[in-house]
Amino acid sequence: MIHLLAAGFAVLLVAAPLGVAPALPIAVTALAGLAVAAPGITGFWRWPATAAAGIFLADYAAALWVSAAPVRVVNGAAFGLTLCFLLDAVDLACRLRGATSDGSVIRTRLVQWGIFATGTLLVVVLAVSLATALAAVLHPTTAPLLAAAASLGALSSLAWLVARAQWHRQFPRPARRGN
Amino acid sequence: MTERVAPLALSTLTALGIAVTLAVLTARPELFAAALPLAAALASLAWRARVAPVSVEQRVSTDRVFEGERVTVEIAVEARSGIPVLEIAGTIPAGALVSGYQRRVVTLRAGETGRWSYALSFPGRGVHDLGTVRVRLRDRFGMRTWEDAAVHPAVVRVLPRIAPLARVPRPARAHASVGDYVSAALGEGIEPGDIRQFAPGDRVRHVNWRASLRRGELYVTERRRERNADVVLMLDTLAQVGGAPHTTLDLSARAAASLATAYLARRDRVGLISYGGVMHWVKPGSGRVQYERIADALGRATVVFTYVAKDLALVPPRVLPPHALVLAITPLCDRRFPSAVLDLAARGFDVVVLVVSPVAVTRSTLVASVATDLACRLWALERERQHDELRRQGLTVVDWRPPESLEAALARGGRRRLRLATTG
Numbered sequence: 001m002i003h004l005l006a007a008g009f010a011v012l013l014v015a016a017p018l019g020v021a022p023a024l025p026i027a028v029t030a031l032a033g034l035a036v037a038a039p040g041i042t043g044f045w046r047w048p049a050t051a052a053a054g055i056f057l058a059d060y061a062a063a064l065w066v067s068a069a070p071v072r073v074v075n076g077a078a079f080g081l082t083l084c085f086l087l088d089a090v091d092l093a094c095r096l097r098g099a100t101s102d103g104s105v106i107r108t109r110l111v112q113w114g115i116f117a118t119g120t121l122l123v124v125v126l127a128v129s130l131a132t133a134l135a136a137v138l139h140p141t142t143a144p145l146l147a148a149a150a151s152l153g154a155l156s157s158l159a160w161l162v163a164r165a166q167w168h169r170q171f172p173r174p175a176r177r178g179n
Numbered sequence: 180m181t182e183r184v185a186p187l188a189l190s191t192l193t194a195l196g197i198a199v200t201l202a203v204l205t206a207r208p209e210l211f212a213a214a215l216p217l218a219a220a221l222a223s224l225a226w227r228a229r230v231a232p233v234s235v236e237q238r239v240s241t242d243r244v245f246e247g248e249r250v251t252v253e254i255a256v257e258a259r260s261g262i263p264v265l266e267i268a269g270t271i272p273a274g275a276l277v278s279g280y281q282r283r284v285v286t287l288r289a290g291e292t293g294r295w296s297y298a299l300s301f302p303g304r305g306v307h308d309l310g311t312v313r314v315r316l317r318d319r320f321g322m323r324t325w326e327d328a329a330v331h332p333a334v335v336r337v338l339p340r341i342a343p344l345a346r347v348p349r350p351a352r353a354h355a356s357v358g359d360y361v362s363a364a365l366g367e368g369i370e371p372g373d374i375r376q377f378a379p380g381d382r383v384r385h386v387n388w389r390a391s392l393r394r395g396e397l398y399v400t401e402r403r404r405e406r407n408a409d410v411v412l413m414l415d416t417l418a419q420v421g422g423a424p425h426t427t428l429d430l431s432a433r434a435a436a437s438l439a440t441a442y443l444a445r446r447d448r449v450g451l452i453s454y455g456g457v458m459h460w461v462k463p464g465s466g467r468v469q470y471e472r473i474a475d476a477l478g479r480a481t482v483v484f485t486y487v488a489k490d491l492a493l494v495p496p497r498v499l500p501p502h503a504l505v506l507a508i509t510p511l512c513d514r515r516f517p518s519a520v521l522d523l524a525a526r527g528f529d530v531v532v533l534v535v536s537p538v539a540v541t542r543s544t545l546v547a548s549v550a551t552d553l554a555c556r557l558w559a560l561e562r563e564r565q566h567d568e569l570r571r572q573g574l575t576v577v578d579w580r581p582p583e584s585l586e587a588a589l590a591r592g593g594r595r596r597l598r599l600a601t602t603g
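Quick mapping for you: the protein sequence lines, in order, are chains A and B.
Take the first sequence: its position 145, counted from the start at 1, is 145 in the numbering used here, and no numbers get skipped.
Counting the second sequence from 1 gives a position; the numbering used here is that position plus 179.
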């Protein structure tokens, strides 16, 4: 079952760039990605799936670049989600290898993927709406400033996350009484 | 619990790096958007998730089986908080065969208990610890795992298989204790020996009424005394040949267990000496408990390599009683063992050497070829010469060539000895 899901995600990742730019080189690259992903999906091996993710991303980027299509951020987010689910499905398949399991594991995973996808897409849609509204108000010359501020924000968030993780590792919280 | 970053985090980080790089190179916002879910999943690493430990219970169906028998292992895991993915793995001892799965992956809600069982069969003897259950919990995004090992003592002893033996080498000397060997001397027993006239002090139940009626006066039946013997099984643990569970030591252990069972059934006192790099012994005794002691020692018997030749003088006399029948079980692969056996024979022990042929065992592990066949034949000839040498020293040598049955080997090898042996 989990193999089928992973294979389904891989097929979606093949189809996405072709939807943007239906060209032969794009199709060939997408199929190459699928060929690399296949041993990862069938052979319970994470690294071919990771390599395939890289190929799918490169193919998608090439398709966007070649086609010069209008910006569709939600499609990009959906592509990223599919990529995320492919990696997770292959990881779960590796964990299920040689083990007995019931349907609850995959069922729970599907529910979690659904929640994550909904949340991410909702955030993206809100962000796009906000950006569109702001774009109407702000002067185009402020764009570099906004980009710089966003980059600074992203870097700060990353630094904060790393510092927080380090802090937790160094000073673990004592266990609650009764656990 | 040991916390680790899962391999999925590294895969996601790689994909995220590629996505951001491509987004910068192509200046397409879609690729930034594609990187967003990957970054969100990775960001979960910064949140400190609390994991309540799970309670693991393991039940093993039995702690003692014979070779080839099955043990069922039941594992129950109770989650104190919800766990998205929980991996549980029981122990598989080396050489054991698993029916079903020894690993299980489950999703548990808070307070829920997951149960499953699997069966293990053990083709070879040994002592195995099944007490460790490994647990791995995965967080919601799969970026982080927590690992732990629950240890519950669960030792399973796999005892050597027993082959029923109708005939075993008969001890040359016996004791006055009650046993199955009928003595020439008269005394307490059930085998009729002689008839004599009634004398004051004779018990009425010994009166032979038929003879008394015929002769007109009272006659009593005298009976032959029944005796038992001390038997010491001496196991060669200096060297072994072949692959588990069919090494010469495994076969020797099975032979020793079968012989011990047969002698104990005859009410003999049976002891065991493992002669090898490390010497172990079991003091001679009788009964069911003694079988357990011997079987346990045989289950643990293993080859410990040494250059030192152990002196049997170190063995206490109560372990190697005078006039005991010593049954030396050996593949004769190490020269120190025949020396020890000859030493025992020189000290007056009644010694029978049961040779477990390593030729057949080795042949079964090799690819059949002319060279293999020739080498095995030469080896067999060399071993024949070795047996003849031992026979010339006055020892009884029984050559057992598995897969031939032990019963057949003992019947063939012990024929001459049966004619010569007397029970005093």
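Glycine is no exception: its CB is placed at the ideal position from the N, C-alpha and C atoms.
Among the residues of chain B, none has a CB under 7 Å from the CB of Leu155(A); the nearest is roughly 12 Å distant.
By the Cβ-count criterion, Asp91(A) is buried, with 16 or more other Cβ atoms from all chains shown falling within 10 Å of its own Cβ. Annotation: the continuous beta strand (DSSP E) that includes Thr575(B) extends over 575 to 579. Leu414(B) is bridged by DSSP to Ser453(B), Ile508(B). Around Gly466(B), the same chain offers no residue with a beta carbon nearer than 6 Å, after the five sequence neighbours per side are excluded.
By the CB criterion at 8 Å, Leu215(B) and Val124(A) fall inside the cutoff. Of the candidates Ala213(B), Arg382(B), Ser437(B), the residue whose Cα lies closest to the Cα of Pro343(B) is Ser437(B). C-alpha of Ala432(B) to C-alpha of Arg580(B): approximately 15 Å in a straight line.
Taking C-beta atoms as the reference points, Leu287(B) and Gly293(B) count as a pair closer than 8 Å. With 16 or more neighbouring CB atoms inside 10 Å of its own CB, Ile473(B) falls in the buried class. In the three-state reduction of the DSSP assignment, Thr193(B) falls in the helix class. In the structure shown, the three-state DSSP call for Glu236(B) is strand.
Between Val252(B) and Val239(B) the beta-carbon gap is near 6 Å, inside 8 Å, which marks them as a contact. Considering only Arg249(B), Gly450(B), Tyr454(B), the residue with the shortest C-alpha distance to Tyr470(B) is Gly450(B).
Looking at Tyr398(B), Glu370(B), Leu217(B), Leu553(B), the one whose alpha-carbon comes closest to that of Arg389(B) is Tyr398(B).
One alpha carbon belongs to Gly478(B), the other to Pro339(B), and they sit about 6 Å apart. Counted as a single uninterrupted DSSP element, the beta strand (DSSP E) harbouring Tyr297(B) occupies residues 292 to 300. With three or more CB-CB distances shorter than 8 Å, the region 519 to 539 of chain B counts as touching the region 562 to 569 of chain B. Taking a C-beta distance under 8 Å as the contact criterion, Gly76(A) and Leu210(B) qualify as a contact pair.
Put simply, the backbone Cα of Val540(B) is about 18 Å away from that of Glu246(B). By the neighbour-count criterion, in which a residue is buried when 16 or more other Cβ atoms sit within 10 angstroms of its Cβ, Ser548(B) is exposed. By the Cβ-count criterion, Ile26(A) is buried, with 16 or more other Cβ atoms from all chains shown falling within 10 Å of its own Cβ. Sequence-distant partners of Arg497(B) (beyond 5 residues in either direction) whose C-beta falls short of 7 Å from its own C-beta, in its chain, are Lys462.
Membership of Asp529(B) in the beta strand (DSSP E) is indicated by the continuous run 529 to 535. The straight-line gap separating the alpha-carbon atoms of Phe516(B) and Leu276(B) is approximately 34 Å.
With respect to Gln419(B), Pro302(B) sits apart: the two C-beta atoms are not nearer than 8 Å.
When C-beta distances to chain A are compared with 9 Å, the residues of the region 315 to 336 of chain B below that value are Arg315, Arg317, Arg319, Phe320, Gly321, in chain order.
With contacts defined by Cβ atoms closer than 8 Å, Arg304(B) and Asp475(B) do not form a contacting pair.
DSSP, reduced to helix, strand and coil, places Asn387(B) outside both helices and strands of the structure shown, so it counts as coil.
The Cβ atoms of Val494(B) and Gly456(B) do not sit closer than 8 Å to each other.
With respect to the 8 Å criterion, Ala351(B) and Asp529(B) are classified as neighbours on the basis of their beta carbons. The count of Cβ pairs closer than 8 Å, one atom from the region 257 to 274 of chain B and one from the region 313 to 324 of chain B, reaches three, so the stretches are in contact.
A straight-line Cα-Cα distance of about 7 Å links Ala213(B) and Ala198(B). Per DSSP, reduced to three states, the secondary structure at Val498(B) is coil, with no helix or strand assignment. In the structure shown, the three-state DSSP call for Ala255(B) is strand. Closest in alpha carbon position to Val66(A), among Trp45(A), Ala49(A), Gly43(A), Pro22(A), is Pro22(A).
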